[in-house]
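To start, the structure itself, in structure tokens.
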Amino acid sequence: MRRSNCALATTICAVLILGLCGVAPVSAHHVEKSKSTIMPVTTSSAKARELYEKGMADYENLYLERCNEEWRAAVQEDPNLAVAWAWIAFNSGNPQEVSAARAKAKELAPKLTPGEQLMVAWIAKVQEGDFIGGISAMNDLLEMYPRDKHLLYLAANWLMAENGDDQAQRLLEKALRIDKNFPAALNDLAYVDARHQQFAKALAAMERYVALLPKEPNPQDSYGELLRMAGDYQGSLKHYHLALKIDPDFVTSQLGLGDTYALMGDEAQARTEYDKAIRFSHNEADRLTYGMQRAMTWVRDGKYADADKDFAELAATGHAKGQDLQEAQAFRHMGEYQADDNVALKYLKSAEDALGHNSTISKSDHDEELSRILRNVAVRADRGGNHPLADKSLKELEAMATASRNRVIQSSYHGAAGTLLMDQKKYEDAIAHLEEDRDNPFTMELLVQAYYQTSQVDKLHEIEAKLRSTNVPTLEQALVVPAVRLKRPIV
């Protein structure tokens, strides 16, 4: 396993948040390299330092709740340990805790070393919507500590969450040149290879990863996930069970069993495995997320009324528990699989409304989810004949994309723009947009059609093969890939 999206961003951003916005960032071209190999941590307590470092190690090994507990304990020992507050802000699933911890990290930033300040600036700026400022701080930090393998990993991990695999690959390879047996970097680099369909290389890295950490569950968990991505479901199940044998409380492997059975088409067994993951989950955000994975099995089964019931309950629970992001996600998912465009738009409106219930959700999470919602609104409104709403949503997305280099927002805009152009049969114009969002199954399906219409046979074969081999436990995959596999290839 590797942390996804919020999680990934958590890893890097947690580091970023440390230094926060307390000081003006220095241009990356004028940052003086530190004489220290690793970034120092400012604390007056040896116990707090020990707890913080233990949390960082556990974060790299994907003990994603245990590290929270260690960072919380660290700030109990030393309330001025800003980097621990930053990690809490980025890794916690509780939006109120995230907001409070980020504010605390920012308050302490002026008392930190320059490197820690850049870390905080990196995270805080990204979370608060200043993506360019956050990246600038990240780059400055990496230039200041070019041989800190842990910082290289954190930055790469975050970039992967933001669809920046190529940049992440360069950083991970640099970390491995510093330490060829650095497990965290080896793990993430294997995921980059798998995303590039280089499964032989990725699985060879997994053998090394397992050998380096034979008593840790995450190497087996990652092995299981990469085998699933490669289509080896039985091998995937085997490694998830091995991870749980090492640590029965490693809940992400229990989730992995559910995800794998879901992709195999055994939805009843998937629900059984998801129920176990929900029961043993460590926090409310995870419970809701696992519940959404479970609800998707009804979509795969074609039992949409059951899916509606489960997603509606999850949205209501998210609202009651102050988990606005998960509430919005549940409503968005409901909008994604509806046959009736007007019904879909109703749920998408509820999703957008959910994002405005409280002010504790970070701006980055808010804007990324809003972009996904607006993408669906634009497409559904256009297909339902509500062209003014489609145009309004697309213009709002374009403005968001113009104002931010956030790759999630960029992908949402280009996916929506390309889809609307495809509906107008403007294939060449559509391709230019769709190729900026080529990992989304809906987009891949449209690219197959666009390449066919423009006689780009090589590209057609490449994207169709990628689409048919997409094995990720997402709603987009469930709505597109199984149906595509039932058809003969276009060419």
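Per this note's numbering, the very first residue in the sequence shown carries number 2; after that it's consecutive.
Glycine is no exception: its CB is placed at the ideal position from the N, C-alpha and C atoms.
For tyrosine 452, the enclosing alpha helix (DSSP H) starts and ends at 442-454. Contact between glycine 336 and alanine 345 holds, with the beta-carbon distance rounding to 4 Å and staying under 8 Å. By alpha-carbon distance to arginine 381, the top candidate from Asn407, Ala340, Ala355 is Ala340. Of the residues assessed, valine 121 falls on the buried side of the cut-off, its CB having 16 or more other CB atoms within 10 angstroms. The beta carbon of serine 254 is closer than 6 Å to those of Asp222, Tyr241, Ala244, Leu245 in its chain, skipping five residues each way along the sequence. Between the C-alpha atoms of threonine 298 and leucine 258 there is a straight-line separation of about 13 Å. For alanine 104, the closest C-alpha among the options Gly94, Thr114, Lys126 is that of Lys126. For the set Leu153, Tyr348, Tyr53, the Cα lying nearest the Cα of alanine 85 is the one of Tyr53.
In the structure shown, the three-state DSSP call for lysine 105 is helix. The alpha-carbon of alanine 156 is positioned some 38 Å away from that of aspartate 309. In the structure shown, isoleucine 133 falls within a helical segment according to DSSP collapsed to helix, strand and coil. Following the DSSP letters along the chain, one finds glutamine 77 inside the alpha helix (DSSP H) bounded by residues 67-78. DSSP places glutamate 217 in the coil class of the three-state scheme, outside both helix and strand.
As the crow flies, the alpha-carbon of glutamine 128 is around 11 Å from that of isoleucine 136.
Ranked by how close their Cα comes to the Cα of lysine 216, the residues Met230, Glu208, Ile247 have Ile247 in first place. Taking 8 Å as the cut-off, the beta carbon of valine 193 is found no closer than this to the beta carbon of leucine 214. Taking leucine 152 as the centre and dropping the five residues before and after it, the same chain places the C-beta of Val16, Met40, Leu142, Leu143, Tyr146 closer than 7 Å to its C-beta, in chain order. Looking at the backbone, the Cα of leucine 422 and that of alanine 379 are separated by about 12 Å. Between tryptophan 88 and aspartate 459, the alpha-carbon positions lie close to 45 Å from each other. Cβ contact annotation for valine 300 (same chain, cutoff 6 Å, sequence separation greater than five): Ala308, Tyr338, Ala479, in chain order.
Residue burial annotation: glycine 266 is exposed, with fewer than 16 other C-beta atoms found within 10 angstroms of its C-beta.
Considering only Glu399, Ala329, Ala296, Met2, the residue with the shortest C-alpha distance to alanine 263 is Ala296.
The alpha helix (DSSP H) runs lying completely inside the region 238-312 and spanning 4 residues or more are 252-265, 268-281, 285-302, given in chain order. Scanning its chain for C-beta atoms nearer than 8 Å, with the 5 sequence neighbours on each side dropped, one finds around glycine 232 the residues Ser470, Asn472, in chain order. Nearest in C-alpha terms to asparagine 387, of all of Asp342, Val485, Gln327, Asn92, is Asp342. Bounds of any alpha helix (DSSP H) do not take in glutamate 436, whose DSSP letter is neither H nor E.
Boundaries of the alpha helix (DSSP H) harbouring histidine 151: 150-162, taken from the DSSP string. The shortest CA-to-CA distance from proline 111 to any of Tyr452, Thr43, Ala162, Arg148 is the one to Thr43. By the Cβ test, the region 281-294 is in contact with the region 88-98, since at least three Cβ pairs between them sit closer than 8 Å. Look at the beta carbons and you see the region 428-437 not touching the region 392-401: under three pairs across the two are nearer than 8 Å. The DSSP-derived three-state label of glutamate 117 is helix.
Spatial neighbours of arginine 384 in its own chain (CB-CB distance under 6 Å, excluding positions within 5 residues in sequence) are listed in chain order as Asp342.
In the three-state DSSP reduction, aspartate 180 falls in the coil class, being neither helix nor strand. Non-local beta-carbon contacts of histidine 367 in its own chain, meaning distances under 6 Å to residues more than five positions away in sequence, involve Leu356 in chain order.
Around the beta carbon of isoleucine 464, 16 or more other beta carbons lie within 10 angstroms, which makes this residue buried.
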